[in-house]
Amino acid sequence: MKKLAAFLLALLLVGFTLDDSALCSTTAKIVILVSDNPADLAMAKFVSNVTGFPVVVTPWGIYDPSVSARVLAYNPDEVIIIGGPLAVLNDYTIDLKDFNVTVLRWWGETRYGTNKAVIRGLESMGLISPNVTLLVPGNDTFAISYALRLALKDRGIVLYVNSTLKLENLKNPILVVTPMSEKIEKKVEDVVKPVSVLRANVTEKELEDLILQLKAKLSSIENLTANNSQLNGLLNLAKNNLKSAEEELQRGNLQMAYRYVMMASFQLDLALKIANENPSAKLQLDLKILEIQTHGMAQIDPQALVKLKGLLDQLREALKEHNYEKARKIEMEIRLLLLKTIRKHGILPPAPLPGQLLLP
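Mapping of the sequence shown onto my numbering: residues 1280 to 1639, in sequence order.
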């Protein structure tokens, strides 16, 4: 538990507090909520730079009441969720609607569909008139990051592409690839004419940072899903791939290291997807996070702490009885009490996975 609490420090409520006037001083009425999936997060950063809307990030596939609290701290009238319900769980929609916040979701069945939905959303607001179109493989994290910087610099838009391309009416198209995604170059050139190609190199520092982020995510998921053998199998694969990535990085083989990193990232997301589709695993996952959040109330609201501990005991008992409907109702009561307590005391929790909110 100590390891979990230390690693998930970003999930604790005892971050820093603001007085009521500070929490209400923002003029923001629309907030963007997005997961830390690189493709969706890049789109959120793009929207934020175009609109000025603040961004709140949740770990992919994990519900955390402190994320809802960060959103509500802006006192928004509306929240735009970027990404599907596997990435940004519907739990957040429930939280926000309980506080009379309108929720829109810009998303598609894949990252490519979400990308198009975001562009359509901005177009409907009359907010984009691009000078250039940056085409980038939707599964290449570093190419996406590079394309985003170019788009913001040159007033462009970012479109994700894969092997099934159907693109037309593109303004000054530029394909951005890394050595990992070069194979798509010929396919794009066959479909998009003319198209310029920019090759972004993966740096050792970028890989080191990404490996650290994924190791951190792995550590948190390992602790939250310790009793599920299927999930542990996936997590062991991810752990081995991250170890291989570090070994390849030490040998100076950046391209191979990057491939191992991408495999690990996919396996971590798949593990969370499986957990969220299993009522028992999902509730166990939520329970661990709610326990941490409740611990954060110790110095803030002792009365709320007593109520929360009692509800947590009821939740554990319902889970032992495999009464998931009852457990879900108790969980919703805990969540609402946590959020009301957070707002009452003006707590602004730290963001999950620190450092990922920084806009380019």
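Even for Gly, the Cβ is constructed at its ideal location relative to N, Cα and C.
Run of the beta strand (DSSP E) containing residue i, from where it starts to where it stops
i       : result
Pro1416 : 1411-1416
Leu1312 : 1309-1314
Val1335 : 1334-1337
Glu1357 : 1357-1361
Three-state secondary structure (DSSP) of residue i
i       : result
Ser1475 : strand
Val1246 : Nothing about residue 1246 can be reported from this structure: the residues present for the chain run from 1280 to 1639 only.
Pro1452 : strand
Leu1438 : strand
Ile1579 : coil
Gly1294 : Only weak support is given to the placement of Gly1294: the predicted model assigns it a pLDDT of 33, under 50, and the value that follows is read from those uncertain coordinates. Coil, per DSSP.
Buried versus exposed call for residue i [16 or more other C-beta atoms within 10 Å across all chains shown]
i       : result
Val1367 : buried
Ile1626 : buried
Met1404 : exposed
Lys1432 : exposed
Lys1567 : buried
Ala1577 : exposed
Arg1349 : buried
Val1380 : buried
Gln1529 : exposed
Val1334 : buried
Val1585 : exposed
Glu1527 : buried
Asn1448 : exposed
Ser1408 : exposed
Gln1563 : buried
Lys1561 : buried
Inter-residue Cα distance where the pair is residue i and residue j
i       : j       : result
Ala1495 : Asp1548 : 13 Å
Leu1429 : Ala1396 : 21 Å
Cys1303 : Ala1323 : With a pLDDT of only 35 at Cys1303, under the threshold of 50, the placement of this residue in the model should not be trusted, and no figure is reported.
Gly1417 : Ile1579 : 43 Å
Ala1321 : Ile1423 : 7 Å
Met1535 : Lys1308 : 44 Å
Glu1501 : Ser1508 : 11 Å
Thr1482 : Leu1533 : 8 Å
Phe1286 : Thr1337 : Confidence at Phe1286 is low in this model, with a pLDDT of 33, below 50, so its placement is unreliable and no value can be given for it.
Ala1554 : Leu1516 : 16 Å
Arg1622 : Val1467 : 50 Å
Leu1551 : Val1437 : 27 Å
Met1611 : Gly1387 : 27 Å
Range of the contiguous alpha helix (DSSP H) that encloses residue i
i       : result
Thr1482 : Premise fails: Thr1482 is in no alpha helix (DSSP H) and is neither H nor E.
Arg1607 : 1603-1624
Met1322 : 1317-1330
Pro1364 : That residue, Pro1364, is in no alpha helix (DSSP H); it is neither H nor E in DSSP.
Gly1387 : Unbroken run through Gly1387: none, as it is neither H nor E.
Thr1573 : 1558-1574
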